[in-house]
Amino acid sequence: MAVSRRCRPFPNLKRRQDRLQRRKLENLVAVITGASNGCGRAAVREFIKEGAAVVGADRDEENGQALSEELQSDRFLFVPADVSRSGHVKAVVEAAQATFGGIDILFNQAGEIQVQPLLQVTETDFDFLINNNVRSVVLMTQACLPSMLQKGRGAIITTSSVSASTATPMEAIYCTTKAAVTQFTRSVAVEFRDRGIRSNVISPGFVRTKHGEYEMEQLRQLNVPASEEDIRTLQGRMCEPEEVARVAVFLASDDASFINGADITVDNTFTVI
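Residue numbers (numbering that gives the first Met the number 0): 0 to 272.
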């Protein structure tokens, strides 16, 4: 029987095809650090949803493997790694190249927090934050750039913090590390703009993660205002990890093709008022 042109057979299939065509990161390969928890974990889900193949790296092997089992996707590979160590960084990049053929996107999400009076900060404390918040970003960026440059395009996204621009009591070293990665990421944008690389920063306020909740608890213990009411005053409510992850998807996609060297605050006016 002939089918009239006005008929639209298999409407569900057509909608599915349209949805696949609209996926922002189709056929791209992303490396996400800090992938086992919080914003990194949310980003893994969002990137895969938008069509990317993802290599997730994290020291937390238990939660990373649990995420892999949850996703059951051939487009996700978890690599246990401490990305402040060059040998581990090399292993992550080699895994991405061997499994998916290269790297298009790097999301530097891994990071740590310490809350303590400046006069109590030891050299060990200082090195811990510098290694985890700055060294890791530099090493991962250096390691992923060659694959991007070979392709003639790439997107780098680094999670900083509103603490890079709004100093917080008892977080002098943390604030310093976030200011450092903000400027590093912007400098990468300037250096590699004409070679097809975009490099942008996301600066969240307080996010509902273990990291964020630990920070609030530690601040309260040191008599720094950080109650739920204080957070509502600063930014209306707690930010959800998915809200950070979706900004990362946008910055990684062609929708942000002319955004380079930007610092996107995800803070609901925290840094405005």
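Backbone N, C-alpha and C fix where the C-beta goes; we use that ideal spot for every residue, glycine too.
Here the structure is a predicted model, which means the values were calculated and not measured.
- When the five nearest sequence neighbours on each side are left out, the beta carbons in the same chain lying within less than 8 Å of the beta carbon of N132 are those of G110, E111, Y173, T176, K177, A179 and V180, in order along the chain.
- Listed as beta-bridge partners of G100 by DSSP are no residues whatsoever.
- Taking 8 Å as the upper bound for CB-CB distance, Q234 and M169 are not in contact here, some 19 Å apart.
- Classified as exposed, I272 has fewer than 16 neighbouring CB atoms from the shown chains inside 10 Å of its CB.
- Relative to V200, the option among A97, A163 and A171 whose CA is nearest is A163.
- Only residues of its own chain outside the window of five on either side were considered, and among them F46, A51, A52, V53, V54, I102, D103, I104, L105, F106 and A251 have a CB closer than 8 Å to the CB of A29, listed in chain order.
- Cβ-Cβ distances below 6 Å link T98 to L76 in the same chain, with the five nearest sequence neighbours on each side left out; the list follows chain order.
- The C-beta distance from S85 to L128 rounds to 18 Å, too long to fall under 8 Å, and the pair is not in contact.
- Within the DSSP secondary-structure output, C238 pairs in a beta bridge with V206.
- Taking 8 Å as the upper bound for CB-CB distance, R74 and E49 are not in contact here, some 11 Å apart.
- Counting of Cβ neighbours within 10 angstroms places L144 among the buried residues, the total reaching 16 or more.
- Here the C-alpha atom of A166 lies approximately 34 Å from the C-alpha atom of V78.
- According to the DSSP assignment, D262 belongs to the beta strand (DSSP E) that extends over D262 to V265.
- Around the Cβ of Q108, a 10 Å sphere holds 16 or more other Cβ atoms; the residue is buried.
- When DSSP reads this structure, D57 sits in a beta bridge with P79.
- Judged by DSSP secondary structure, A179 falls within the alpha helix (DSSP H) whose first and last residues are A171 to F191.
- Counting other Cβ atoms within 10 Å of its Cβ, F257 stays below 16 and is therefore classed as exposed.
- Membership of I47 in the alpha helix (DSSP H) is indicated by the continuous run G37 to K48.
- Look at A109 here: in three-state DSSP terms it is coil, with no helix or strand label.
- DSSP lists F106 and N199 as the beta-bridge partner residues of I156.
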